[in-house]
Amino acid sequence: MTACGGNTLIYWDPRSPTPLFKLTAQDARFDLSGITSLAVNPASTIVVVGGTEGGVRVVNLSKGEVISALGGHAEGESVEAIVFVNIIGAVDGSSAPVGSSGAGTVVTGATDGKVCIWDLNTSRLRTTLEHKVSRST
Amino acid sequence: MLIGLQDAITSLLVHPTKPHLVISSSSDHTLRTWDARAGVLVREHKGHQELINNAALGRSGEVVVSAGDDNVCLVFGTE
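Following this line, the structure appears as structure tokens:
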């Protein structure tokens, strides 16, 4: 998987010089004003992509289609880091059994000082963590 | 891209053995360990005099090493 400031995301099979798919700013709901970060989930079924203007998109890897847009970071603030977490395995018996986590949970960090935790099954924001509690929103 | 921002997030890490723990490094000179499940701060790691560019976790996840614009690397306990 490669991405660039020109807003192009390319999914490659390293054995072939031809991309499996390519998404650009011209594709529906994929204009992020330049890609700054991305992460692929452990099952390699989706990629989460962040942009220079605070946008986050979830893309299906088998179809190369935008599944959802996650809005939580301030407009104009760059999404600098994305990681997947496993919060299901940490729950002590009270929640869903291991293996039923579906699309999972992803964490995004941006220059707005926010760390957003997203539930990808519902495309909803679970929690926002902030580096400065006093920062005005 | 990051210059002039007070508290920008510069990197995110996931704990290798406790995958609900997330560590963020920031322009506010701190690293923070968070519990992503509960959405709470576990520990704040202070010591840098300038912004933190990046960080890495030890293999067991017990320590995190940060690299700052103050030209030093610091080693912290994650929890």
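Just so you know, the sequences run in chain order A and Y. Counting from 1, one number per residue, gives the positions in the first sequence under the working numbering. Counting from 1001, one number per residue, gives the positions in the second sequence under the working numbering. Using N, Cα and C, we set each Cβ at its ideal position, and we do this for glycine too.
**Q.** Alpha carbon of residue 10/A to alpha carbon of residue 1052/Y, nearest angstrom
**A.** 30 Å
Q: Ignore the nearest five residues each way along the sequence and tell me which others in residue 74/A's own chain have a CB closer than 6 Å to its CB.
A: 54, 112
Q: For the stretch 1001 to 1051 of chain Y, list the alpha helix (DSSP H) runs that are entirely contained and at least 4 residues long, ordered along the chain.
A: none
Q. How would you list, in chain order, the residues of chain Y whose beta-carbon sits under 8 Å from the beta-carbon of residue 105/A?
A. Near residue 105/A (Cβ distances below 8 Å), the residues of chain Y are 1036.
Q: Give the DSSP-derived three-state secondary structure of residue 1067/Y in the structure shown.
A: strand
(Q) Less than 8 Å between CB atoms is the rule here; does residue 81/A satisfy it with respect to chain Y? (A) yes
Q: Going by DSSP, name the residue or residues bridged to residue 153/A.
A: Nothing about residue 153/A can be read from this structure; chain A reaches only from 1 to 137.
(Q) So residue 129/A contacts chain Y; which residues on that side make the cut at Cβ distance below 9 Å? (A) Using a Cβ-Cβ cut-off of 9 Å, residue 129/A is close to 1022, 1024, 1032, 1034, 1036, 1039, 1040, 1041 of chain Y, given in chain order.
Q: Could you say which of 1006/Y, 1008/Y, 1015/Y lies nearest to residue 1062/Y if we only look at CA atoms?
A: 1015/Y
Q) Is it a yes or a no for the stretch 71 to 88 of chain A touching the stretch 17 to 30 of chain A, going by three-plus beta-carbon pairs under 8 Å? A) The stretch 71 to 88 of chain A is not in contact with the stretch 17 to 30 of chain A.
Q: Would you verify that the beta carbon of residue 87/A is, or is not, closer than 8 Å to some beta carbon of chain Y?
A: yes
(Q) Could you tell me the alpha carbon to alpha carbon distance between residue 7/A and residue 58/A, rounded to whole angstroms? (A) 14 Å
Q: Keeping to the same chain, check which residues put their C-beta closer than 8 Å to that of residue 1/A; ignore five residues upstream and five downstream.
A: 9, 10, 11, 12, 38, 40, 47
Q. So, using beta-carbon positions, are residue 1045/Y and residue 85/A closer together than 8 Å?
A. Judged by their CB atoms, residue 1045/Y and residue 85/A are not nearer to each other than the 8 Å cut-off.
Q) residue 1033/Y to residue 87/A, Cα distance in whole Å? A) 15 Å
Q: Output the distance between the C-alpha atoms of residue 56/A and residue 115/A, rounded to the nearest integer angstrom.
A: 13 Å
Q) So which residues on chain A does residue 1014/Y lean against when the C-beta distance must stay under 9 Å? A) 83, 84, 85, 86, 107
Q. Does the beta carbon of residue 35/A come closer than 8 Å to any beta carbon on chain Y?
A. no
Q | C-beta atoms of residue 1055/Y and residue 1042/Y nearer than 8 Å | A | no
Q.
Using a 10 Å radius around the Cβ and a threshold of 16 neighbouring Cβ atoms, would you call residue 105/A buried or exposed?
A. buried
Q.
For residue 36/A, list the residues DSSP reports as bridge partners.
A. Residue pairing by DSSP places residue 36/A opposite no residue, since no beta bridge is assigned to it.
**Q.** Straight-line gap, residue 33/A to residue 109/A (C-alpha atoms, nearest Å)
**A.** 17 Å
**Q.** With 16 other Cβ atoms within 10 Å as the buried cut-off, status of residue 1013/Y
**A.** Burial of residue 1013/Y is indicated by the presence of at least 16 other C-beta atoms within 10 angstroms of its C-beta.
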